[in-house]
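Numbering (my numbering), first residue to last: 7 to 595.
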């Protein structure tokens, strides 16, 4: 019906279709008879899109195709409301088509099927101009390397698509058992009766230090219309998800909103190579100022739902928040003995190691106390990271010899976070990550991608503790503001232990143990930067931050300001950025 109206009355469109307002997107759209044409986030375009790539003809073909700028997958300004409805299964098989290696430190190219997508058979439901995956978060597949993350996309009409509607969906590949994440988009044409085109897909960015590639192609696909159970709940939950996001502005608006500061926003994230920068932003005074999410072929069309891997940021917001929440509920919890809850950890080395010791990475059990020596050793890589079973990870993690008294020396071990999470699981007698989601993440109104995590591949199905989460950029801000702005409270309720929160925010005289440099220390799952020299402060200034493998940081700055970046070129510094933000935040005061 909509397409017919567009073709017949293209010059008098707004006399034929009534919109609730005159903005580019509206809540509802009806025709002159009051018939509902669109029920969510409706469009005002006429469908006349000047499309030179991924046009109707191209999407009737299959094969390698070619790389195109990702703007071809984006909702165009002239897009019209969809005349078709998608509700059912999207199906296609993975094929080896277009692939180009950018970086491959460990020769992943030799792994069977690495150059193709997993077989795809997932349900989606349309809500107005949005297309929502029924299953959210990390999806287990039959692929030997890749798991999938599916995110909501868009649906619209273009005049030259011959009565078909056009869909675009963001997705990510995440390495099996790890956190390495590759972001892509797919697109296709469809009709309500199940007719559809080929699926075009393209991956041109990642947050992964050791494995980077471009992947692209066009594959045959099927659309099987099926009535989705609980469709109303799925739609209402999605509306709530979108409405719960923080207000955003472009990062450049910091200079507009704070003109007296003379801030140069071009220096924000300037320490990271732009080609390796997935996402970055600043949160201040209730506004999330977002930088561009770049790829090797233009901007990513779905920045709000780009999958960002936690890596070791999980040590702060997973095991760190877990322990603080349990200490709030059960004072003295942090002093419990690891040996009493993890039988694989022998009492001779672990009976005097407390839950707080292991969160602080001061167990006294290690091989070499040099900075990151144990963490980057072949033994850790093979015995822990590449061991995908709970028993294998636990036995390795508990096997370090006693070298110093607990609580006296910091030695970085991701394996410590695994043991702590396993001990908490035993204490709770339930899945520790599900408990965290229910206790902290859902009250914070985080996105559904955080309802899942990387887990072991055995019957134990243990979450990792020290890595394995995936964020949207809005989640990153909410998780950090939970402590930095709200001191561990949600809606006035104290969820985290006040004393531990004060320690994280450097409100006490203790600033952790030395951690790799004279300017860095570590405590409660957070890094701490002694920043007064860099900022020219006359008194000591300690800034807590979270850090992740490859080039990820979330800085909890004074005066309720946050700064984050996700990159993958081993560029962790943010001194220049904080110096620039200090023009607004007055961090020394």
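Note that the Cβ used here is the ideal one computed from N, Cα and C, for glycine as well. This one's a predicted model, so the numbers in the text were calculated from it and none came from an experiment.
Exercise for the section: May I ask you to report which of helix, strand or coil DSSP gives residue 360? Expected result: The residue labelled residue 360 in the question sits at position 354 within the chain shown. Note: residue 360 maps to strand in three-state DSSP.
Problem - Simplified DSSP state of residue 228, which is helix, strand or coil - result: Residue mapping note: residue 228 aligns to position 222 of the chain shown, counting from 1. Here residue 228 sits in strand by DSSP.
Problem - Three or more C-beta pairs below 8 Å linking the segment 475 to 485 and the segment 442 to 462 - result: The segment 475 to 485 makes contact with the segment 442 to 462, as at least three CB pairs between them are under 8 Å.
Problem - Whole-angstrom distance between residue 260 and residue 47, CA atom to CA atom - result: For the purposes of this step, residue 47 is identified with residue 41 of the chain shown, where counting begins at 1. For the purposes of this step, residue 260 is identified with residue 254 of the chain shown, where counting begins at 1. If I take the Cα positions, the gap works out to 28 Å.
Exercise for the section: Return the chain-ordered list of same chain residues with a C-beta closer than 6 Å to the C-beta of residue 502, the five sequence neighbours on each side being excluded. Expected result: Residue mapping note: residue 502 aligns to position 496 of the chain shown, counting from 1. When the five nearest sequence neighbours on each side are left out, the beta carbons in the same chain lying within less than 6 Å of the beta carbon of residue 502 are those of 330, 331, 334 and 494, in order along the chain.
Exercise for the section: Give the straight-line distance between the Cα atoms of residue 547 and residue 524, rounded to the nearest whole angstrom. Expected result: Looking up residue 547 in the chain shown gives position 541. Looking up residue 524 in the chain shown gives position 518. C-alpha separation (whole angstroms): 14 Å.
Problem - residue 584 to residue 236 span [Cα, whole Å] - result: Sequence index remark: in the chain shown, residue 584 carries index 578 (1-based). Sequence index remark: in the chain shown, residue 236 carries index 230 (1-based). Whole-angstrom Cα-Cα distance: 46 Å.
Practice task
Could you say which of 593, 206, 165 and 89 lies nearest to residue 98 if we only look at CA atoms?
Solution key: Here residue 98 is taken as the residue at index 92 of the chain shown, counted from 1. Ranking 593, 206, 165 and 89 by Cα distance to residue 98 puts 206 first.
Practice task
On a CA-only basis, which of 135, 469, 96 and 430 is nearest residue 234? Give me that one, please.
Solution key: Residue 234 sits at position 228 when you count from the first residue of the chain shown. For residue 234, the nearest C-alpha among the options comes from 96.
Handout entry: Beta-carbon proximity check, residue 413 vs residue 363, cutoff 7 Å
Key = By one-based count along the chain shown, residue 413 stands at place 407. By one-based count along the chain shown, residue 363 stands at place 357. Yes.
Handout entry: Close-in-space but distant-in-sequence residues of the same chain around residue 506 (CB under 7 Å, 5 per side omitted)
Key = Here residue 506 refers to the residue found at position 500 when the chain shown is read from its first residue. Spatial neighbours of residue 506 in its own chain (CB-CB distance under 7 Å, excluding positions within 5 residues in sequence) are listed in chain order as 330, 333 and 530.
Exercise for the section: Below 6 Å CB to CB, which residues in the same chain sit around residue 485 once its five sequence neighbours on both sides are set aside? Expected result: By 1-based counting over the chain shown, the position of residue 485 is 479. Taken in chain order, the residues that qualify are 323.
Exercise for the section: Pick helix, strand or coil for residue 477, following the three-state DSSP scheme. Expected result: The residue given as residue 477 occupies position 471 in the chain shown. If DSSP states are grouped into helix, strand and coil, residue 477 belongs with the strands.
Practice task
Could you pull out every unbroken beta strand (DSSP E) segment of at least 3 residues lying fully inside the segment 56 to 134, listed in chain order?
Solution key: DSSP runs (the beta strand (DSSP E)) wholly in the segment 56 to 134: 93 to 98, 104 to 110 and 126 to 133.
Exercise for the section: May I have a chain-ordered list of the beta strand (DSSP E) segments no shorter than 3 residues that lie completely inside the segment 290 to 357? Expected result: Counting only runs that start and end inside the segment 290 to 357, the beta strand (DSSP E) elements of at least 3 residues fall at 293 to 296.
Problem - Exposure of residue 185, with buried meaning 16 or more beta-carbon neighbours within 10 Å - result: Taking the chain shown and counting its residues from 1, one reaches residue 185 at position 179. The Cβ neighbour count for residue 185, taken over all protein chains shown within 10 Å, is at least 16; the residue is labelled buried.
Practice task
Return the residue from the list 313, 508, 552 and 102 that minimises the CA-CA distance to residue 212.
Solution key: The residue given as residue 212 occupies position 206 in the chain shown. Considering only 313, 508, 552 and 102, the residue with the shortest C-alpha distance to residue 212 is 313.
Exercise for the section: Within its chain, find whatever has a CB closer than 7 Å to the CB of residue 406; leave out the 5 residues flanking it on each side and keep chain order. Expected result: As a first step, residue 406 must be located in the chain shown, where it is residue number 400. So the list reads 371, 372 and 373, once near-sequence residues are dropped.
Problem - Ordered list of beta strand (DSSP E) runs contained in the segment 503 to 583, each at least 3 residues - result: The segment 503 to 583 contains these whole beta strand (DSSP E) runs: 519 to 523, 526 to 529, 532 to 536, 548 to 554, 558 to 563 and 567 to 573.
Exercise for the section: Please report how far the alpha carbon of residue 579 lies from the alpha carbon of residue 298, in whole angstroms. Expected result: Position 573 of the chain shown, counted from the first residue, corresponds to residue 579. Position 292 of the chain shown, counted from the first residue, corresponds to residue 298. The alpha-carbon atoms of residue 579 and residue 298 are separated by roughly 19 Å.
Handout entry: Residue range of the unbroken alpha helix (DSSP H) whose run includes residue 441
Key = Residue 441 sits at position 435 when you count from the first residue of the chain shown. Counted as a single uninterrupted DSSP element, the alpha helix (DSSP H) harbouring residue 441 occupies residues 438 to 442.
Practice task
Could you name the residues that DSSP lists as bridge partners for residue 207?
Solution key: As a first step, residue 207 must be located in the chain shown, where it is residue number 201. Looking at the DSSP output, residue 207 sits in a beta bridge with 192 and 223.
Problem - Per DSSP, cross-strand counterpart(s) of residue 288 - result: On the chain shown, position 282 is the one that residue 288 refers to. BP columns for residue 288 point to 295 and 569.
Handout entry: 8 Å contact criterion, which residue 120 and residue 218 should meet: CB distance rounded
Key = Walking along the chain shown from the start, residue 120 turns up at place 114. Walking along the chain shown from the start, residue 218 turns up at place 212. Wrong, their Cβ atoms sit about 13 Å apart, outside the cutoff.
Exercise for the section: Rounded to whole angstroms, what's the CA-CA distance from residue 497 to residue 567? Just pull it up for me. Expected result: Walking along the chain shown from the start, residue 497 turns up at place 491. Walking along the chain shown from the start, residue 567 turns up at place 561. Roughly 20 Å separates the two Cα atoms.
Problem - Outcome for residue 490 when other beta-carbon atoms lying within 10 angstroms are tallied against a minimum of 16 - result: Numbered from its first residue, the chain shown carries residue 490 at position 484. Under this definition residue 490 is a buried residue.
Problem - Local conformation of residue 471 per DSSP, three classes - result: Position 465 of the chain shown holds residue 471. Residue 471 falls in the coil class under three-state DSSP.
Problem - Among 68, 269, 266 and 295, nearest to residue 253 - alpha-carbon criterion - result: On the chain shown, position 247 is the one that residue 253 refers to. Out of 68, 269, 266 and 295, 295 has the C-alpha closest to the C-alpha of residue 253.
Handout entry: Beta carbon of residue 89 nearer than 7 Å to that of residue 394
Key = In the chain shown, the residue the question calls residue 89 occupies position 83. In the chain shown, the residue the question calls residue 394 occupies position 388. No Cβ-Cβ contact shorter than 7 Å links residue 89 with residue 394.
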